[in-house]
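My numbering applies: residue 12 is where the sequence shown begins, and numbers increase by one.
Here is the structure we will look at, set down as structure tokens.
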Amino acid sequence: MLTRSGIGRAARTVVALGAATALTIGGTVTASAALPRVTGPTLAGTATPTSTKYTALNGGVTDGTYWYSVVSEHAKSGTKTYDSTQLIKTKLYAAKPTKVATFRIRSGHHTNLLGHGNDIAYNADTNRLLIPAWTNDDSVQGATQARAVRIVNPGTLAIEKTVTLPHTTTGLCYDAVNNRYAGGVLNQYYAYNSAFKETGKSAKLAMTGTGQGIDCDQSYVYVITSPKGAQKTNRIFVYTWAFKLVRTYEYASGSESEHLTHQRGTYYLGFNIGAGRLYRLDGFQFTVTYAKNGGTGSMAPTIVLYDRSTALRKNTFTRAGYTFAGWTAKRSSDDKTRYQNPKDTSKTGWYAAGHQPSGWKAYVYKNGATVLHTTTRGAVALTAVWRKA
Numbered sequence: 012m013l014t015r016s017g018i019g020r021a022a023r024t025v026v027a028l029g030a031a032t033a034l035t036i037g038g039t040v041t042a043s044a045a046l047p048r049v050t051g052p053t054l055a056g057t058a059t060p061t062s063t064k065y066t067a068l069n070g071g072v073t074d075g076t077y078w079y080s081v082v083s084e085h086a087k088s089g090t091k092t093y094d095s096t097q098l099i100k101t102k103l104y105a106a107k108p109t110k111v112a113t114f115r116i117r118s119g120h121h122t123n124l125l126g127h128g129n130d131i132a133y134n135a136d137t138n139r140l141l142i143p144a145w146t147n148d149d150s151v152q153g154a155t156q157a158r159a160v161r162i163v164n165p166g167t168l169a170i171e172k173t174v175t176l177p178h179t180t181t182g183l184c185y186d187a188v189n190n191r192y193a194g195g196v197l198n199q200y201y202a203y204n205s206a207f208k209e210t211g212k213s214a215k216l217a218m219t220g221t222g223q224g225i226d227c228d229q230s231y232v233y234v235i236t237s238p239k240g241a242q243k244t245n246r247i248f249v250y251t252w253a254f255k256l257v258r259t260y261e262y263a264s265g266s267e268s269e270h271l272t273h274q275r276g277t278y279y280l281g282f283n284i285g286a287g288r289l290y291r292l293d294g295f296q297f298t299v300t301y302a303k304n305g306g307t308g309s310m311a312p313t314i315v316l317y318d319r320s321t322a323l324r325k326n327t328f329t330r331a332g333y334t335f336a337g338w339t340a341k342r343s344s345d346d347k348t349r350y351q352n353p354k355d356t357s358k359t360g361w362y363a364a365g366h367q368p369s370g371w372k373a374y375v376y377k378n379g380a381t382v383l384h385t386t387t388r389g390a391v392a393l394t395a396v397w398r399k400a
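Structure, rendered in structure tokens:
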């Protein structure tokens, strides 16, 4: 939770997520944007510190197997408050942590090496966690503290080194497809290459609520904010890498969303409930991949914002002696393939292989077709269909 730059230390409302806290979505922000309900939530992790003093969830990230979360203790010393933190490693969907590392305030000058631990990025190429060391408490900070990022070994949870960014950073994310980062503070974000050289920046962005963490993939940068003032919901602002607003999502919960993270097309939101809980998001986004099935060439995946009509990539695979006929589709969330009744093509459905109705054939998506509801999460694997020329 951010509390500097005019954002006060907000009172935390702890409200359990239930059926009434559905994720809703709307188009590019307009007064008339529809907000239909979608499914969720599913509990994917519980942050369990070694002491009940650690009560405030902050940053977090997943590598697809584990959830790494930062939980803070707001310790009082006279009239001042200092953050101590624990970095907790928990296997996804498990109740007990795998490992916990404690980063207490250094005696004498009250500096916490992880700062507020407001966000975490995961670099899948180096297999390292990156945690901004910015802090919003009364700790003594060096001149570059607000720009410092701790590089952490996910196995040992030990800090290996520090990288200093060009700008103050409270949120940081990594795009493994293009080997680049995005980071900054609410309303001002920057794009960096793998060596943290600035390659672009946003204009002053008009976002409301309390600024929290960010996430990104090859197509989008996601900024999350939690309730503050007139904003009564958690929001996810979706931007292109040129920082143009694409869409805004809302999650109706009185609890604070603290970080957004994903792996392999499945997205999760960390909430300040108890010491912290992670919820899987359904109906938010999915990834479409393309398989050449004996052809040659390569095609980049397509990121689809759920319920937003998105065109599939035009086929660029080739296969000698064959003509491309379209795509069959299989989704990772339930391992089912889409089938169609050849006698009545209006009838389609998703079935496990061998369990489709008698006579039904795999549905074939046309080249450049659009999708919007193909799956609520994860990936859809499209496989090229070839016909003899």
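Where is the CB? At the ideal position from N, CA and C, for every residue including glycine.
The model shown is predicted, which means the values in this text are computed figures rather than measured ones.
Strictly by DSSP, which residues pair up with residue i?
{"i": "Lys358", "result": "DSSP, once it has assigned bridges, lists no residue as partnering Lys358."}
{"i": "Val160", "result": "Pro143 and Val174"}
{"i": "Lys87", "result": "Thr92"}
{"i": "Ala132", "result": "Leu141"}
{"i": "Phe282", "result": "Ser268 and Arg288"}
{"i": "Arg349", "result": "Trp361"}
{"i": "Tyr317", "result": "DSSP lists no partner for Tyr317."}
{"i": "Ser80", "result": "Gly71 and Ile99"}
{"i": "Asn245", "result": "Tyr262"}
{"i": "Ser237", "result": "Thr221"}
Whole angstroms are fine: how far does the CA of residue j sit from the CA of residue i?
{"i": "Gln223", "j": "Val196", "result": "9 Å"}
{"i": "Lys107", "j": "Gln97", "result": "15 Å"}
{"i": "Tyr192", "j": "Thr348", "result": "35 Å"}
{"i": "Arg48", "j": "Ala159", "result": "For Arg48, the predicted model reports a pLDDT of 33, less than 50, meaning its position is unreliable and no value from the coordinates is stated."}
{"i": "Lys399", "j": "Asn304", "result": "14 Å"}
{"i": "Pro245", "j": "Ile235", "result": "Checking the displayed sequence, the identity of residue 245 turns out to be Asn instead of Pro. About 7 Å."}
{"i": "Ser62", "j": "Gly182", "result": "26 Å"}
{"i": "Tyr231", "j": "Ser88", "result": "42 Å"}
{"i": "Asp318", "j": "Trp397", "result": "29 Å"}
{"i": "Leu168", "j": "Ala105", "result": "18 Å"}
{"i": "Ala322", "j": "Val382", "result": "6 Å"}
{"i": "Thr386", "j": "Tyr262", "result": "19 Å"}
{"i": "Thr173", "j": "Ser343", "result": "37 Å"}
{"i": "Met310", "j": "His384", "result": "22 Å"}
{"i": "Tyr290", "j": "Phe297", "result": "16 Å"}
{"i": "Ala331", "j": "Gly75", "result": "38 Å"}
I'd like the list of long-range same chain contacts for residue i, defined as Cβ closer than 7 Å, with 5 residues on each side in sequence excluded.
{"i": "Thr329", "result": "Gly306, Thr307 and Gly308"}
{"i": "Asp1", "result": "Absent from the structure is residue 1, since the part of the chain shown begins at 12 and ends at 400."}
{"i": "Ser213", "result": "Gln199, Tyr200 and Phe254"}
{"i": "Ala363", "result": "Asp346 and Lys347"}
{"i": "Ala187", "result": "Ala135 and Asp136"}
{"i": "Thr90", "result": "none"}
{"i": "His178", "result": "Arg158, Gly195 and Tyr201"}
If we call anything under 8 Å between Cβ atoms a contact, is residue i one with residue j?
{"i": "Ala55", "j": "Leu103", "result": "yes"}
{"i": "Gln156", "j": "Asn189", "result": "no"}
{"i": "Thr180", "j": "Pro143", "result": "yes"}
{"i": "Val299", "j": "Leu393", "result": "yes"}
{"i": "Arg388", "j": "Asp293", "result": "yes"}
{"i": "Ile170", "j": "Leu141", "result": "no"}
{"i": "Thr339", "j": "Arg324", "result": "no"}
Who are the near neighbours of residue i in its chain, counting only those whose CB is closer than 6 Å to its CB and skipping five residues on each side?
{"i": "Glu84", "result": "Lys64, Tyr65 and Ser95"}
{"i": "Thr113", "result": "Gln97"}
Within a Cβ cutoff of 8 Å, which residues of the same chain sit near residue i, ignoring the five residues on either side of it in sequence?
{"i": "Tyr350", "result": "Thr359, Gly360, Trp361, Tyr362, Gln367, Pro368, Trp371, Lys372, Ala373 and Tyr374"}
{"i": "Thr39", "result": "Model confidence at Thr39 stands at a pLDDT of 35, short of 50, so the residue's coordinates are unreliable and nothing is read from them."}
With a threshold of 7 Å (Cβ to nearest heavy atom), would residue i be considered close to the ligand ZN?
{"i": "Tyr200", "result": "Judged by which ligands are present, the structure shown has none, so any question about the ligand ZN falls away."}
message = Taking contact to mean 3 or more Cβ pairs, one atom from each stretch, closer than 8 Å, check whether the region 373-381 and the region 334-351 are in contact.
response = yes
ask   = Three or more beta-carbon pairs under 8 Å between the region 197-217 and the region 272-283, yes or no?
value = no
message = Below 8 Å, how does it come out for the region 285-298 and the region 68-76: are there three or more Cβ pairs, yes or no?
response = yes
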